[in-house]
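Asker: Residue numbers (my numbering): -6 to 397.
Glycine included, every Cβ here is placed at the ideal spot set by N, Cα and C.
The structure follows.
Set out below in structure tokens:
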């Protein structure tokens, strides 16, 4: 694992000693090196926005913060002053964009950015894992439409771009209904590709680092074919996404579709489902509840965690790029699960214990993206330090706990 280290040399120059830093110190130095992010997005694509404007959307939308009467006023009052500010574009410049899974964790943040850019956005979600309160601040806006629909069934609409995110992405969700997960990845992708073919829309598939399985190559480049168990407990998601990529490129070759594929690595941030079984949300919720932090195995498995706003930047820049090959979107900084548990314990509640439980089946030992292609094709790399992301995610879950 690449860990932050201090170098100290003797005056004679004969030896160099490397002193490993504690996880907390390493993250603090990472945050200092990167600096605190106050703007997200890119001027080139009209996506630049103050971070505080986005924070208002997910810190003020929590249960109990808006009365039913106020919500009805927001929805039905024709005044746009009731909504977050958006850019005003000419009709010829405004795009009509479909986001499947747009009420989910990643999708809702993408919707926020696309709306603020001044686009018309249609959200398609069956609410299996998505939540309406993630996007309710846009309900009633003339540029926004929410449709409850399952992508497994065909859907007809006229759009310019399609961001296809719909699919359960956390182990408890996709393992709860593995058949549904496979059908969403296969039939849902076929339906959305068919829609892109009919409307001549640009198409972006959100794939996953899980297609690399338990990788033998480290870090993972997009050219790596992966090491996946096709019948294991994670196969419904891993193999489903591999088929979705195959379908996407088959349509690109045969039907001349304009496609892009993003392979997303571990992502965290506000609006994560508190019960989705992912490492970051699990640790934060357990610490806030003063429960033991549960680490499966010895905790020496490594992951690379990116903050949600970096991922959204990458998705939008990928859609605007000419990159038609798969592109890794992730943070190449790598930490062990035990290090992350210690960091969150020290940040939230130093009194809780960290306990080890038996390892889960097919849990990858190492996961780290090679983002050379993203840097070269998209001019993209993560801006947020992991520490800033953790602090903002802890703030979100703390407010959520106080409001429940």
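Who does residue 220 pair with in a DSSP beta bridge?
Answerer: The residue given as residue 220 occupies position 227 in the chain shown. 206.
Asker: Would you call the segment 143 to 151 and the segment 196 to 212 touching, i.e. three or more CB-CB distances under 8 Å?
Answerer: No, the segment 143 to 151 does not touch the segment 196 to 212.
Asker: With burial defined as no fewer than 16 other Cβ atoms inside 10 Å of the residue's Cβ, what is the status of residue 385: buried or exposed?
Answerer: As a working mapping, residue 385 is identified with position 392 in the chain shown. Under this definition residue 385 is a buried residue.
Asker: Identify the residues that DSSP records as bridge partners of residue 156: which are they?
Answerer: As a first step, residue 156 must be located in the chain shown, where it is residue number 163. According to DSSP, residue 156 bridges with 92 and 197.
Asker: Just to confirm the assignment, what range does the alpha helix (DSSP H) spanning residue 106 have?
Answerer: Here residue 106 is taken as the residue at index 113 of the chain shown, counted from 1. That run of the alpha helix (DSSP H) goes 98 to 109.
Asker: Looking at the strands, I want to know which residues DSSP matches up with residue 213.
Answerer: Stepping through the chain shown from its first residue, residue 213 is reached at position 220. Paired residue(s): 362.
Asker: Along the chain, where does the alpha helix (DSSP H) that runs through residue 276 open and close?
Answerer: Here residue 276 is taken as the residue at index 283 of the chain shown, counted from 1. Segment 272 to 281, the alpha helix (DSSP H) holding residue 276.
Asker: Return the CA-CA distance between residue 184 and residue 259, expressed in angstroms with no decimal places.
Answerer: As a working note, residue 184 is residue 191 in the chain shown. As a working note, residue 259 is residue 266 in the chain shown. Spanning the two alpha carbons is a distance of roughly 27 Å.
Asker: I think residue 77 touches residue 50, with their Cβ atoms under 8 Å apart; what is that distance to the nearest whole Å?
Answerer: Counted from its first residue, the chain shown places residue 77 at position 84. Counted from its first residue, the chain shown places residue 50 at position 57. About 6 Å; that satisfies the 8 Å criterion.
Asker: Cα separation between residue 341 and residue 188?
Answerer: As a first step, residue 341 is located in the chain shown; it is residue number 348 there, counting from the start. As a first step, residue 188 is located in the chain shown; it is residue number 195 there, counting from the start. Going by the C-alpha atoms only, they are around 46 Å apart.
Asker: For a quick check, are the C-beta atoms of residue 140 and residue 114 less than 8 Å apart?
Answerer: The count along the chain shown starts at 1 and reaches residue 140 at position 147. The count along the chain shown starts at 1 and reaches residue 114 at position 121. No, these two residues do not count as a Cβ contact at 8 Å.
Asker: Going by C-alpha distance, which of 79, 333, 293 and 30 is nearest residue 135?
Answerer: One-based indexing of the chain shown puts residue 135 at position 142. Nearest option by C-alpha distance: 79.
Asker: Can you tell me where the alpha helix (DSSP H) holding residue 48 begins and where it ends?
Answerer: Here residue 48 is taken as the residue at index 55 of the chain shown, counted from 1. Start and end: 44 to 52.
Asker: Quick check on the DSSP output: the alpha helix (DSSP H) that includes residue 311 runs from which residue to which?
Answerer: Numbered from its first residue, the chain shown carries residue 311 at position 318. Residue 311 -> alpha helix (DSSP H) spans 301 to 312.
Asker: Buried or exposed: residue 324, going by 16 or more other Cβ atoms within 10 Å of its Cβ?
Answerer: To locate residue 324, count along the chain shown from 1; it is residue 331. Result: buried.
Asker: Taking the alpha-carbon of residue 361 as reference, which of 329, 146 and 307 has the nearest alpha-carbon?
Answerer: For this step, residue 361 is matched to residue 368 along the chain shown. The shortest Cα separation from residue 361 among 329, 146 and 307 belongs to 329.
Asker: Skipping 5 residues on each side, what residues in its chain have a beta carbon closer than 8 Å to that of residue 283?
Answerer: By one-based count along the chain shown, residue 283 stands at place 290. Hits under 8 Å: 342, 344 and 345.
Asker: Residue 354 by DSSP, collapsed to three states: which one?
Answerer: Residue mapping note: residue 354 aligns to position 361 of the chain shown, counting from 1. Here residue 354 sits in coil by DSSP.
Asker: Could you name each continuous beta strand (DSSP E) segment of 3 residues or more that falls completely within the segment 112 to 150, going from the start of the chain to the end?
Answerer: Segments of the beta strand (DSSP E) lying fully in the segment 112 to 150: 113 to 118 and 137 to 141.
Asker: Span of the beta strand (DSSP E) holding residue 250?
Answerer: Working through the chain shown from its first residue, we reach residue 250 at position 257. Here residue 250 belongs to no beta strand (DSSP E), and DSSP marks it neither H nor E.
Asker: Where does the unbroken alpha helix (DSSP H) through residue 169 begin, and where does it stop?
Answerer: Taking the chain shown and counting its residues from 1, the one referred to as residue 169 is at position 176. 164 to 169 is the extent of the alpha helix (DSSP H) around residue 169.
Asker: Who are the Cβ neighbours of residue 262 in its own chain at under 6 Å, not counting the five residues just before and after it?
Answerer: Here residue 262 corresponds to residue number 269 of the chain shown, with the count starting at 1. Hits under 6 Å: 300, 301 and 386.
Asker: Between residue 137 and the rest of its own chain, which residues show a CB-CB distance below 7 Å, the 5 nearest in sequence each way excluded?
Answerer: Numbered from its first residue, the chain shown carries residue 137 at position 144. Answer for residue 137: 108, 114 and 131, listed in chain order.
Asker: Do residue 110 and residue 40 have their C-beta atoms closer together than 8 Å?
Answerer: The residue you call residue 110 lines up with position 117 of the chain shown. The residue you call residue 40 lines up with position 47 of the chain shown. Yes, they are a contact pair.
Asker: In the structure shown, what three-state DSSP assignment does residue 84 receive?
Answerer: Locating residue 84 in the chain shown gives position 91, counting from the first residue. If DSSP states are grouped into helix, strand and coil, residue 84 belongs with coil.
Asker: With 16 other CB atoms within 10 Å as the buried threshold, where does residue 31 fall?
Answerer: Position 38 of the chain shown, counting from 1, holds the residue named residue 31. Exposed, since its Cβ has fewer than 16 Cβ neighbours within 10 Å.
Asker: With distance defined between alpha-carbon atoms, name the residue in 163, 348 and 90 nearest to residue 123.
Answerer: Counting from 1 along the chain shown, the entry for residue 123 is found at position 130. The shortest C-alpha separation from residue 123 is found at 163.
Asker: Helix, strand or coil for residue 389 per DSSP?
Answerer: Residue mapping note: residue 389 aligns to position 396 of the chain shown, counting from 1. Helix at residue 389.
Asker: On the premise that residue 334 lies in contact with residue 305, defined as a C-beta separation below 8 Å, what is that separation, rounded to the nearest angstrom?
Answerer: Reading the chain shown from its first residue, position 312 is the one you call residue 305. Reading the chain shown from its first residue, position 341 is the one you call residue 334. With 8 Å as the limit, residue 305 and residue 334 do not qualify as a contact, their Cβ atoms being about 27 Å apart.
Asker: Just to confirm, is the Cβ distance from residue 245 to residue 317 under 8 Å?
Answerer: Position 252 of the chain shown, counting from 1, holds the residue named residue 245. Position 324 of the chain shown, counting from 1, holds the residue named residue 317. A contact, by the Cβ cut-off of 8 Å.
Asker: DSSP state of residue 260, grouped into three classes?
Answerer: By 1-based counting over the chain shown, the position of residue 260 is 267. Reduced to three states, the DSSP call for residue 260 is strand.
Asker: Using DSSP with H/G/I as helix, E/B as strand and the rest coil, what is residue 41?
Answerer: Translated into the one-based positions of the chain shown, residue 41 becomes position 48. Coil at residue 41, not helix or strand.
Asker: CA-CA distance, residue 352 and residue 174?
Answerer: As a first step, residue 352 is located in the chain shown; it is residue number 359 there, counting from the start. As a first step, residue 174 is located in the chain shown; it is residue number 181 there, counting from the start. Cα-Cα distance, rounded: 23 Å.
Asker: For residue 36, does the count of other Cβ atoms within 10 angstroms reach 16, so buried, or fall short, so exposed?
Answerer: Sequence index remark: in the chain shown, residue 36 carries index 43 (1-based). Exposed.
Asker: So, is residue 195 buried or exposed, given that buried needs 16 or more other C-beta atoms within 10 angstroms?
Answerer: Taking the first residue of the chain shown as 1, we reach residue 195 at position 202. By the neighbour-count rule (16 or more Cβ atoms within 10 Å), residue 195 is buried.
Asker: How big is the Cα-Cα spacing for residue 264 and residue 99?
Answerer: Position 271 of the chain shown, counted from the start, is the residue given in the question as residue 264. Position 106 of the chain shown, counted from the start, is the residue given in the question as residue 99. Taking the straight line joining both Cα atoms gives about 8 Å.
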